[in-house]
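Asks: Sharing a structure here in structure tokens format.
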Amino acid sequence: MQKFTKITSVAAALREAHVDTDVIFPARFLLLLDKAGLGKHLFHERRQGPDGIKTDFVLNSPPFDKAEILVAGANFGSGSSREQAVWALTDFGIRCVIAPSFGEIFQSNCFKNGALPLVIQGETHERIMRAAEGGNPLTVDLEAQTVELPDGETIGFEIDPYRRHTLMLGLDEIGSILADDADDIATFEARHRSSQPWLFLDDGRLERLFADTRSS
Amino acid sequence: MTVKTLYEKVWQSHVVKDYDDGTSLLYIDRHLVQEISSPQAFSGLTAQNRQLVRPAAHIAVADHAVPTRNRNMPLAEGLASRLVGRLIENCEQFGIDYISMTDDRHGIVHVIGPELGFTLPGATLVCGDSHTSTHGAFGTISFGIGASECECVFATQTLRQRKQKTMRVTLNGALQPGVSVKDIILALIARIGTNGGVGYAIEYTGPAMATLSMEARMTLCNMSIEAGSRVGMVAPDETTFAYLEGRPLSPEGEAWDAAVAHWRDLGSDPDAVFDAEVELDVSGLAPHVSWGTNPGETSPVSDRVPDPATETDSAKRAKIERSLAYMDLKPGMPLEDIAIDHVFIGSCTNGRLEDMRSAAEVIKGRRIAPTVTAIAVPGSAGVRLQAEAEGLDRVFTDAGFEWRGSGCSMCVAVNDDRLKPGERCASTSNRNFEGRQGQGGRTHLMSPAMAAAAAIAGHLIDVRKLGSSN
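As you go down the protein sequences, you meet chains A and B in turn. In this text, residue positions in the first sequence follow my numbering: the first is 1, and each later residue adds one. In this text, residue positions in the second sequence follow my numbering: the first is 1001, and each later residue adds one.
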């Protein structure tokens, strides 16, 4: 996973609450099999009209078409679990979204893809939004846990320590679990199987249910 | 021993280890695999040369992209065919049981999980789909995950998670005729907001909850995610056990008795403390419909479209204005004056047998309005076959509905069941987001009985005004 330490970029301002994952990445593009190239469908319906002509959506015009930061309203990424919403953002070049709150699954998906969903609320969020609208670069520093505004103001933020750690190191979470926790998982699984054996379907139940399709 | 909630009991019984940073490694018992969220997870395994550790923990089915017509024909060449083909190949390669769209066990993941007894109380269950909260109706910790987390479950049978806070939603009173659990959950979301449940695992309880069938409980838990909560749960009780007994993957004999004994102890302890409490009296509840572009933008059907001018908070006013512009609605117009073009009855929210019966009861002996196109899409082949055995398919087709094969269909519009730009739909699904049912389409969420009534009237209407058709 790509590391996230510090980025300096103009920030695109999307002054709208409840931007859901269907708006971020419309469902019909979920039929695509690959992660790469999804950026062209990011905010598809907002970026082009029914006639296919580009709209005045913030990400369509310089300098914001190169923005690595998006400042959005509350509940950004609510709705579906589609990780394509994050892949589209990162493919477009956006590495950090700053919002008062996020859809939980979207937020979790960001951390698996080297993207930082930053929760900042209230008047502080409004100051960042105004700075973004001003068009000058902001700096998000994950190590220092600060956002630096163009006027020099530095705003601190809170973040889950584990998630900060994984982003800063670009950690492969699956690799870490397999390397560090495999024995604990095996021990747990044996105990779990003995205390709730009905949770394990390799006792013949699955085989009986799918006898027809397994034999064909 | 400390007192615990249902969520905390199931959580604790699945903790492999607690890390110093407050996260835990959670063991995942079950995983439902579908075509949209799995290809990248499987290719991640291949790229890293990793094994899928426990094939018997997974069942796979293609539900989003499959057509609901001409099911015995091969899929036409194209993206959907490629996606379904990829799922079949991956299941063969990694040893997962796959249910094809012509199989009598086919259906939406969240409908067939419970039908097959794959969903069990006290288990942890995940799926790359946000409506996985559905399975919480059985006292299961179940939640939607992204493709990367699907890959983690394939490779490790665990997920590194932080425990949620808990919220108890107590449903008091009793529902009036013509009002259903869909109206309860829509009213709840309107009240606490689409992010009111973020960070919480919800447990539903109270006298009005206790009388709900398993199918109704699934509708309730299904839409927890629309209140922002990944997890919605109900403590298992006699209704739960009666539903599960004899299902193909339910335990049998002594194992069944042991399981039920375990499940009886899962309910929240009487003195358990929740981080948040919400109470809702359902006695006076009217049928609800959504008017905006998220499920919180919902009102009793007797109300009018809200007027943004009366909203003092500027951000909220802007949101209402944007919603009304997208929905092409005028402030102050009665909701019942909204004419519709389409009706969709189905989805993991309302595609079960009781939903089909409820809609059929309204349309029996009537015809849909000539301006309306209506489809009924059973959530599974099992639902379809049982409905057909009861003659419900004829009730639908006699009224002018199309009766289709099982799948997600027009809830998410990934297959060819889509609204055209500007079309308006009365829908039993779960999301009224912009473009959710097709680019430029407009969605009004409601119960199956209300959608059926809208089909007959050609506009939104309180189903209780239609009266009996017989």
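Quick reminder that beta carbons are idealized off the backbone N, C-alpha and C, glycines included.
Using a cut-off of 7 angstroms between C-beta atoms, extract the partners of residue 218/A located in chain B.
Replies: Only positions 1 to 216 of chain A appear in the structure, and residue 218/A is not among them; the question remains open.
Asks: Do we get a CB-CB distance below 8 angstroms when we pair residue 1130/B with the residues of chain A?
Replies: Residue 1130/B counts as touching chain A.
Asks: How would you label residue 1063/B, buried or exposed, when you count the other beta carbons within 10 angstroms and need 16 or more for buried?
Replies: With 16 or more Cβ atoms within 10 Å of its Cβ, residue 1063/B is classed as buried.
Asks: With DSSP collapsed to three states, give me the class of residue 1435/B.
Replies: Coil at residue 1435/B, not helix or strand.
Asks: Using a Cβ-Cβ cutoff of less than 6 angstroms, which residues in the same chain neighbour residue 1332/B once the five nearest sequence positions on both sides are dropped?
Replies: Cβ neighbours of residue 1332/B beyond the five flanking positions: 1304, 1307.
Asks: May I have the straight-line CA-CA distance separating residue 1183/B from residue 1072/B, to the nearest angstrom?
Replies: Cα-Cα distance, rounded: 37 angstroms.
Asks: Is the CB-CB distance between residue 1068/B and residue 1405/B below 8 angstroms?
Replies: Yes, the Cβ-Cβ distance between residue 1068/B and residue 1405/B is below 8 angstroms.
Asks: Three or more C-beta pairs under 8 angstroms: does that hold for the segment 1133-1143 of chain B against the segment 1216-1223 of chain B?
Replies: Taking 8 angstroms as the limit for Cβ pairs, the verdict is that the segment 1216-1223 of chain B does touch the segment 1133-1143 of chain B.
Asks: In chain order, what residues of the same chain have a beta carbon less than 7 angstroms from the beta carbon of residue 1323/B, not counting five sequence neighbours either side?
Replies: Closer than 7 angstroms at Cβ, skipping near neighbours: 1292, 1293, 1297.
Asks: According to DSSP, is residue 1279/B part of a helix, a strand, or is it coil?
Replies: Note: residue 1279/B maps to strand in three-state DSSP.
Asks: Could you tell me which of 150/A, 80/A, 2/A sits nearest to residue 105/A, measuring between CA atoms?
Replies: Measuring from the Cα of residue 105/A, the nearest candidate turns out to be 80/A.
Asks: Does the CB of residue 1433/B have a neighbour CB from chain A at under 8 angstroms?
Replies: Answer yes: the Cβ-Cβ gap between residue 1433/B and chain A drops below 8 angstroms somewhere.
Asks: Based on the DSSP output, what are the partners of residue 1144/B in its beta bridges?
Replies: BP columns for residue 1144/B point to 1127/B.
Asks: Within the continuous alpha helix (DSSP H) that includes residue 1243/B, where are the two ends?
Replies: Its alpha helix (DSSP H) spans residues 1238-1244.
Asks: Could you check which residue in 201/A, 160/A, 202/A, 25/A has the C-alpha nearest to that of residue 1021/B?
Replies: Of 201/A, 160/A, 202/A, 25/A, the residue nearest in Cα terms is 160/A.
Asks: What are the boundary residues of the beta strand (DSSP E) that includes residue 1299/B?
Replies: Taken as a continuous stretch (DSSP letters only), the beta strand (DSSP E) holding residue 1299/B covers 1298-1300.
Asks: How would you list, in chain order, the residues of chain A whose beta-carbon sits under 8 angstroms from the beta-carbon of residue 1027/B?
Replies: By Cβ distance, chain A contributes 185, 188, 189, 192.
Asks: Show which residues of chain B have a CB atom less than 7 angstroms away from the CB atom of residue 61/A.
Replies: In chain order: nothing, as chain B lies at least about 21 angstroms away.
Asks: Return the residues of the segment 1387-1421 of chain B that lie within a Cβ-Cβ distance of less than 7 angstroms from chain A, sorted by chain order.
Replies: Result list: 1412, 1413, 1414, 1421.
Asks: At 3 residues or longer, what runs of the beta strand (DSSP E) sit wholly inside the segment 97-159 of chain A?
Replies: If we require 3 residues or more, the beta strand (DSSP E) runs fully inside the segment 97-159 of chain A come out as 116-119, 138-141, 146-148, 154-156.
Asks: Can you grab the Cα-Cα spacing for the pair residue 205/A / residue 1116/B, in whole Å?
Replies: Looking at the two C-alpha atoms, the distance is approximately 11 angstroms.
Asks: Check whether the Cβ atoms of residue 8/A and residue 168/A lie closer than 8 angstroms to each other.
Replies: Cβ atoms of residue 8/A and residue 168/A: not closer than 8 angstroms.
Asks: Name the DSSP beta bridge partners of residue 1032/B, please?
Replies: Answer is 1059/B, 1127/B.
Asks: Specify whether the segment 1024-1031 of chain B and the segment 1172-1179 of chain B touch according to this definition: at least 3 beta carbon pairs, one from each stretch, less than 8 angstroms apart.
Replies: The answer is no - the segment 1172-1179 of chain B does not touch the segment 1024-1031 of chain B, with fewer than three Cβ pairs under 8 angstroms.
Asks: So is residue 95/A in contact with chain B if we call contact Cβ pairs under 8 angstroms?
Replies: No, residue 95/A does not count as interfacial toward chain B.
Asks: With a CB to CB cut of under 7 angstroms and the five nearest residues on each side skipped, what residues in its chain are close to residue 1448/B?
Replies: Cβ neighbours of residue 1448/B beyond the five flanking positions: 1345, 1350, 1355, 1358, 1359, 1428.
Asks: Between 1203/B, 1229/B, 1436/B, which has its C-alpha nearest residue 1420/B's C-alpha?
Replies: Minimum Cα distance to residue 1420/B is reached at 1436/B.
Asks: How about residue 1375/B: is its C-beta nearer than 8 angstroms to some C-beta of chain A?
Replies: Answer no: the Cβ-Cβ gap between residue 1375/B and chain A never drops below 8 angstroms.
Asks: Tell me the residue span of the beta strand (DSSP E) that contains residue 1342/B.
Replies: Residue 1342/B -> beta strand (DSSP E) spans 1342-1345.
Asks: In angstroms with no decimal places, state the Cα-to-Cα distance between residue 184/A and residue 1191/B.
Replies: Going from the Cα of residue 184/A to the Cα of residue 1191/B covers about 43 angstroms.
Asks: Within the same chain, show all residues whose beta-carbon is closer than 6 angstroms to that of residue 1086/B, passing over the 5 residues directly before and after it, in chain order.
Replies: Cβ neighbours of residue 1086/B beyond the five flanking positions: 1039.
Asks: So with CB distances below 9 angstroms, who are the chain B contacts of residue 138/A?
Replies: Within chain B, no residue comes near residue 138/A; the closest Cβ sits about 22 angstroms away, beyond 9 angstroms.
Asks: Mapping DSSP to helix, strand and coil, what is residue 1410/B?
Replies: Three-state result, residue 1410/B: helix.
Asks: Is residue 1383/B closer than 8 angstroms to residue 1352/B when the C-beta atoms are compared?
Replies: Yes, these two residues count as a Cβ contact at 8 angstroms.
Asks: How is residue 1170/B classed by DSSP in three states: helix, strand or coil?
Replies: DSSP places residue 1170/B in strand when its eight states are reduced to three.
Asks: Take residue 1142/B and list the residues in its own chain whose beta-carbon comes closer than 6 angstroms to its own, dropping the five residues that flank it on each side.
Replies: Here the set comprises 1125, 1132, 1135, 1136.
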